[in-house]
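Novice: Read in order, the letters of the sequence shown are residues 4 to 158 in this note's numbering.
Cβ coordinates follow ideal geometry from the N, Cα and C atoms, glycine included.
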Amino acid sequence: MTDLVQIVGKLREAAVQAKRECDSQIEQAICKMSKDNQLRNHREMLEKEANNHNSQKKQLEENTKEFERLKCSLIELLEAHKVRQKEFDEKIAMLQNKYHKIKAKQDKMASKEMVELCNRLNKKLTQKMNHCKCLMLRDDETLIKIHNMLTGHDS
Numbered sequence: 004m005t006d007l008v009q010i011v012g013k014l015r016e017a018a019v020q021a022k023r024e025c026d027s028q029i030e031q032a033i034c035k036m037s038k039d040n041q042l043r044n045h046r047e048m049l050e051k052e053a054n055n056h057n058s059q060k061k062q063l064e065e066n067t068k069e070f071e072r073l074k075c076s077l078i079e080l081l082e083a084h085k086v087r088q089k090e091f092d093e094k095i096a097m098l099q100n101k102y103h104k105i106k107a108k109q110d111k112m113a114s115k116e117m118v119e120l121c122n123r124l125n126k127k128l129t130q131k132m133n134h135c136k137c138l139m140l141r142d143d144e145t146l147i148k149i150h151n152m153l154t155g156h157d158s
């Protein structure tokens, strides 16, 4: 029986040893599988990042092309605006010159009219003064009476 107990003990030890080895192999297999999964996941992540990087690079290139196109368009618009601004400035200058010429003509005509009006008024004034002188020099009885009344001489 001791032999039997020894055999059972050895069998138990062998079973424990086999179980340890089996657990160790299972653990190694799981570890290897998890490492494989980790490597696969890491590789997939790197591929996704590379794809993402490539798509971002393409998007950047497209954006750069669009920016260049918009920049050229903006430059064309600015040049067109400068040309139109120059045309407007020329038109404004032309209109200002016309205005100044018309204003000068109007001022010249107004000054001529003023001179003519002054001449007419001077003529009328001269006529009135001459008429008054004639009246004063006239020997009209009424004027003589008025003169005598004012001077105090009665006739």
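1) To the nearest angstrom, how far is the alpha carbon of Asp110 from that of Tyr102?
2) What is the DSSP secondary structure of Thr67, reduced to helix, strand or coil?
3) May I ask you to report which of helix, strand or coil DSSP gives Gly12?
4) Indicate the three-state DSSP secondary structure (helix, strand or coil) for Met112 in the structure shown.
Specialist: Reading off the structure:
1) Distance between the alpha carbons of Asp110 and Tyr102 is about 12 Å.
2) Helix.
3) Three-state DSSP puts Gly12 in a helix.
4) helix
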